[in-house]
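The structure under discussion appears below in the form of structure tokens.
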Amino acid sequence: MLSFIILMSLVICFSAILALALNFQWGLGGMINFGLAGLYALGAYACAILILKLNINFFWSTILSMLLVSLVCALISIVTLRVSEEDYFAIVTLGVGEMLRLIALNEDWLTGGALGLTGIPRPLSDSIPADIYIYVFLATYVFILLICIFLLNIIARSAFGRSMRAIREDDVVAVTLGKNLLWTRARIFAVGGLLIGLAGSMHAFYYQYIDPTQFSNIVVAYAIMAVIAGGKGSHFGVVIGSILIMILLEGSRFLKEIIPGLGSDQLSAVRIIIIGVGLILVLIYKPNGFVKEYRLNA
Amino acid sequence: MQIIFNGFVTGIVVTLPALAITLLFGVLKFPNFAVGSMLTLAAYIVFTFNVLFGLSLLFSTIITAIIFGFLLILIDQLTFAKLRGSSSITLMVCSLGLGFVLENIARLMYGNNAKSFAIELARPFLFMDIRMNREQIVTIIVSTIAMIFMYVLLKHMPIGRAMRAVSDNPSLSLVRGIDSPLIIKWTWFISGALLTIGGVLIGMDRAIEPPMGSSYLIVIFAAAILGGLGSPLGAFVGSLIIGIVSELSTLVIPPNYRIGIPLAVIALILIFRPQGIFGKPNIKK
Amino acid sequence: MINERNRRKTIKTIGAVAASPIYMPFLNLAHAQGSTIPIGVALPMTGNAGAYGPDMAEAAKRTTELINRSGGILGGRKLQLYIEDSESSASVAANLTQKFINVHKCQSLVGYWGTPEGLSSRPIAIQNKVVLMVSSAANSITEGDTQGYVWRFQMKATDWGTVIGRSLQKMGYKSVGVMGLQNAFILPIMRSVEDQMRDSGRTVTDSLIYNPEQPSYRAEVQRIFGKKPEVVCCFSLLPDFVSIMKEVYRGGFTSKVVSLSIAADSEGKFLQAVGPQVAEGIRHFQPMPDTSSSGYKRFTKLMGAPESKLFLFPPNTHDQIAVTALAMERAKSVQAVDWAKQIINVCNGPGEKVDDIVEALKLVRAGKPVNFEGAGSTCDFTNSGDQLGRGMGQWIVENGKNNFVSYEKP
């Protein structure tokens, strides 16, 4: 049982980072990223391809994939936000996410296509003895998560953070006050992109095998749930939200034993319905989540 | 030439959902990401009447259109109504969640397997060297009639004028005595009818299965944006352009990437003419 | 102050409610340790392979009940199944595999219909020294050193292509168009067929791959069928095949169509969806159990179905459970390190050929040698874990019925 908890904790670590990315872009920046699944895939595939095909070590592969996703995010925001309409932005991100998934699925010379990429080595798995490796791995992942939260908190409390919140609240006023709208938004989205790339790389190292089926759109629903359950804007709350979602997902597998007569295929549909309904309910009744956002006292 | 006709048919299938999106956006001010699943669910309900109860396709469609219209009003009351006035992001996220719920309700009730309506499939005939068949003709006629009807509704009938008023300026229309919540209900009802017909046309074109509608999401949005969100004529023209261009593109790019066309269209429109062909520039107040 | 309290209370309540199902496995563990033997079953119930999972799960359940009813194994211990939805996803399957191993303490993992699920779970199974029995076709699953822990209850993908290609040649087709779904097991089949046809001097007029869940397949159909090859190999799964064939029919194309039974039959669902006219003349292939074998007939009875019903995949799960039980009984141990070595022993023999699992168990308990013949195949394995002796069936749809044509081996 302990090993299972360790493994689930590892998954929670990078799922939480993904949710933090969404939270940063949406909760703090006011930009919803429906293409999260595709960008997540981009991070995972970039890292895996760099390691497997170009033999770059794990550290630089991770960093480079983070920069790549960040760059793509910046491009998306620059191209789209000229219009500064949130609605179109969401549609564009959805489209880009789909394109990325299609590329992952079809370009098998690069990505292995439907077969995916196998044999991704875990960092330092040669150097660290096997019996303590999983604990070191877990400690590293938790450490990375804490660093992310720490850095995000610093950003949120900085001048940049104040710009972000000003723009989120009312962008017309913010612009008249001299905040550069487009540039700030691009930076916000790019920072989120760094986190998405990081989460993708961590995903690749954990599963050691990636293929397109792992990055379907339900990922976005889970991340959104984690963000709004935890409280838009609060970083620590997002982590708690991720833990809750993970428990809910794994726990709901046991619904079968409680509700007789429910076929397994129907059960999975029911689980997703519960997630969707839960998402809607939390949006309606608890829009600020359960943990408060940091605000400077007025 | 055949390719252009194919594109025409591909596009016309999307006009009604694009119109529904454009109407909903005009009145409710947010793009509805659940529209794909709504198409799917409507198609399944028609399937129930058509195949399981044995009624004719036409009759099933009519019954479903009415039922679905009310269903959408109910869904709206339970979800979006409670969020009226929230930012459009909140509404979009809500619609995303709703999309998952509806798609999986369909999956729960009907299973994963592909189904079809109980209609005779027809062999094609040649007309001026272009292959077409009866269903495609039906699709074209039905869509065009629906479009004309909507055009007349919006331009000349009181309900249409009210919808346009609410779409342009909600607060002013309230002052003028237009009952906004009622208009919203009407909008959902009409959208429900449009989505039902659209779902049937799509279901005729291919197989009915739970992910059916969602695969059209990008195409529908592209069509509506290209034509101009809020303009019905735009939805019509936009869908046709997207359809034809997508099919023509297969001459130069591999067919499995042709979903990139609607995307590219969205990106280009946003860069050069965000209001689409027929839309009005949106000035933030 | 009050807000703080409320907030904490809310979080605690939600946490408790959400976490309460987590206690369930602890309740189950009491059983697992003592008397029952846990087996993990991962099958696609949702996702693009969702159509195939439920029947396979049913087969596993009935087989387990049969074994338990007739005395279980290892001195009366009963098998206990943990059936979960792999959602046609590699990462979900990997998580399930971890759960089966670490929470339920399974030493045998069965089901695993899709290639991604098998590929992602393979390293986990090998690392933890538990047996993984898959029902997927892609060659890579058994490649490399599996240390005897990975066993394939299906025909290898390249073999499918061999049989299909040979049949096409026998039918005298000179030109073929090929289209396939972007999917891990379909691609090797496609390539294999194309290579076969080219090597024997036939023309491949065009070949393309399409994505799942596309809004329309009109352009693909136009391109492949428009070149008017004599026959088109359309390797799909059910939903896309329905859309494609309707398109072909409405387009009035005349090329003959060859496909796989999981698309063109899918236990009658294809015919139901398109009707007899569209399906007329389609030939389809599928690795199939030898339906004339007594093992298969016994299986159909177990499932409560008429002898004529064709089950493509469920016999594999029956065999997986049966082989697990036999090997464990032979090794007198539930630990995979012990019984994995016995799989070849109980499946290939030498020994008395028997296809009734209850009889086979009796023999093994009495210490006698046995050669188990399964429902899905003769269950003879190579050392690398691939099954021998599987054959492929060929059918043609005529007048709304699937007519059996031939049964061939690669």
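Chains as they are written, first to last, in this note's numbering: chain F, 85 to 382; chain G, 242 to 526; chain P, 318 to 727. Yeah, the Cβ is synthetic: ideal placement off N, Cα and C, and Gly gets one too. It should be emphasised that the depicted structure is a prediction, and the values quoted were computed from it without experimental measurement.
Helix, strand or coil at residue i [DSSP, three-state]
i, result
"P:PHE721", "strand"
"P:TRP430", "coil"
"F:PHE234", "helix"
"F:LEU282", "helix"
"P:ASP372", "helix"
"G:GLU344", "helix"
"G:ALA359", "coil"
"P:CYS308", "Because chain P here runs from 318 to 727, residue 308 of chain P falls outside it and cannot be looked at."
"G:LEU260", "helix"
"P:GLY393", "coil"
"P:VAL651", "coil"
"F:ASN301", "coil"
"F:ALA121", "helix"
"F:TYR293", "strand"
"G:PRO422", "helix"
"G:MET333", "helix"
"F:ASN139", "coil"
"P:TYR466", "coil"
"F:THR151", "Rather than Thr, the amino acid found at residue 151 of chain F in this sequence is Leu. Correct three-state label for F:LEU151: helix."
"G:PRO503", "helix"
Under 8 Å from the C-beta of residue i: neighbouring residues of chain F
i, result
"P:LEU504", "ASP192, GLY197, ALA198, LEU199"
"P:LEU436", "LEU199, GLY200, THR202, TYR293, ASP295"
"P:ASN500", "ALA198"
Check: residue i C-beta below 8 Å from any heavy atom of the ligand FAD
i, result
"P:LYS422", "Annotation note on the ligand FAD: not contained in the displayed structure, which lists no ligands."
Amino acids of chain F, ordered along the chain, whose beta-carbon sits closer than 9 Å to that of residue i
i, result
"P:LYS260", "With chain P running from 318 to 727 in the structure shown, residue 260 of chain P is simply not present."
"P:ASP673", "Within chain F, no residue comes near P:ASP673; the closest Cβ sits about 28 Å away, beyond 9 Å."
"P:SER457", "LEU199, THR202"
"P:PRO440", "THR202, GLY203, GLN292, TYR293"
Partner residues on chain P for residue i, Cβ-Cβ distance less than 9 Å
i, result
"G:THR281", "Ordered by position in chain P, no residue passes the 9 Å Cβ test against G:THR281, which lies about 12 Å from the chain."
"F:ALA121", "By Cβ distance, chain P contributes nothing, its closest Cβ being about 12 Å from F:ALA121, past 9 Å."
"G:ALA284", "By Cβ distance, chain P contributes nothing, its closest Cβ being about 13 Å from G:ALA284, past 9 Å."
"F:LEU235", "None at all; the shortest Cβ gap to chain P is about 25 Å."
Contacts of residue i in chain P (Cβ-Cβ under 8 Å)
i, result
"G:ASP370", "What G:ASP370 touches in chain P: nothing, since even the nearest Cβ is about 13 Å away."
"F:ALA353", "THR363"
"F:LEU178", "Residues of chain P passing the Cβ test: none, with the nearest at roughly 15 Å."
"F:LEU186", "ASN528"
Contacts that residue i makes with chain G (C-beta to C-beta distance below 9 Å)
i, result
"F:VAL406", "The structure shown does not extend to residue 406 of chain F, since chain F is modelled only from 85 through 382, so no value can be given for it."
Chain-ordered chain G contacts of residue i [CB-CB under 7 Å]
i, result
"F:VAL361", "VAL342"
"P:GLU530", "PRO452, SER456"
"P:SER533", "THR251, ASP446, ARG447"
Contact set between residue i and chain F, taken where Cβ atoms lie within less than 7 Å
i, result
"P:VAL420", "MET85, PHE88"
"P:SER405", "THR297"
Listed by chain order, chain P residues near residue i by CB distance under 7 Å
i, result
"G:SER357", "VAL559, ALA590, VAL591"
"F:LEU189", "GLN499, ASN528"
Could you name the residues of the stretch 454-474 of chain G whose beta carbon sits closer than 7 Å to any beta carbon of chain P, in the order they occur along the chain? SER456, TYR457, VAL460
When you compare the stretch 427-442 of chain G with the stretch 256-270 of chain G, are there three or more beta-carbon pairs, one atom per stretch, that lie closer than 8 Å? yes
Select from the stretch 321-349 of chain G all residues with a C-beta closer than 9 Å to any C-beta belonging to chain P, and list them in chain order. ASN345, ARG348
Output needed in chain order: residues of the stretch 488-522 of chain G with a Cβ under 7 Å from some Cβ in chain F. ASN497, TYR498, ILE500, GLY501, LEU504, ILE507, ALA508, LEU511, ILE512, PRO515
What residues from the stretch 257-279 of chain G come within 9 Å of chain F, judged by C-beta to C-beta, listed N to C? PHE266, LYS270, PHE271, PRO272, PHE274
At least 3 beta-carbon pairs within less than 8 Å: the stretch 364-382 of chain G vs the stretch 552-569 of chain P: yes
Count the CB pairs spanning the stretch 269-277 of chain G and the stretch 328-344 of chain G that are closer than 8 Å, and state whether there are at least three. yes
Would you list, in chain order, the members of the stretch 547-559 of chain P that have their beta-carbon closer than 7 Å to a beta-carbon of chain G? LEU555, PRO556, VAL559
Quick one: any contact between the stretch 407-419 of chain P and the stretch 591-602 of chain P, if contact means 3 or more CB pairs under 8 Å? no
List, from N- to C-terminal side, the beta strand (DSSP E) runs of 3 residues or more that fit wholly inside the stretch 475-523 of chain P. 492-498
Taking only runs that begin and end inside the stretch 526-614 of chain P, name each unbroken alpha helix (DSSP H) of 4 or more residues, in chain order. 535-543, 555-568, 578-581, 586-591, 593-596
So, does the stretch 607-626 of chain P touch the stretch 672-692 of chain P, judging by three or more C-beta pairs under 8 Å? yes
Do the stretch 556-566 of chain P and the stretch 527-538 of chain P meet, that is, are 3 or more Cβ pairs less than 8 Å apart? yes
Whole alpha helix (DSSP H) elements within the stretch 362-399 of chain G, 4-residue minimum: 375-397
Can you pull out the residues from the stretch 90-115 of chain F whose beta carbon lies closer than 9 Å to at least one beta carbon of chain G? TRP110, GLY114, MET115
Contact between the stretch 373-380 of chain G and the stretch 437-454 of chain G: three or more CB pairs below 8 Å? yes
Identify each residue in the stretch 274-285 of chain F for which the Cβ-Cβ distance to at least one residue of chain G is less than 8 Å, and report them in chain order. none
At least 3 beta-carbon pairs within less than 8 Å: the stretch 110-123 of chain F vs the stretch 298-311 of chain F: yes
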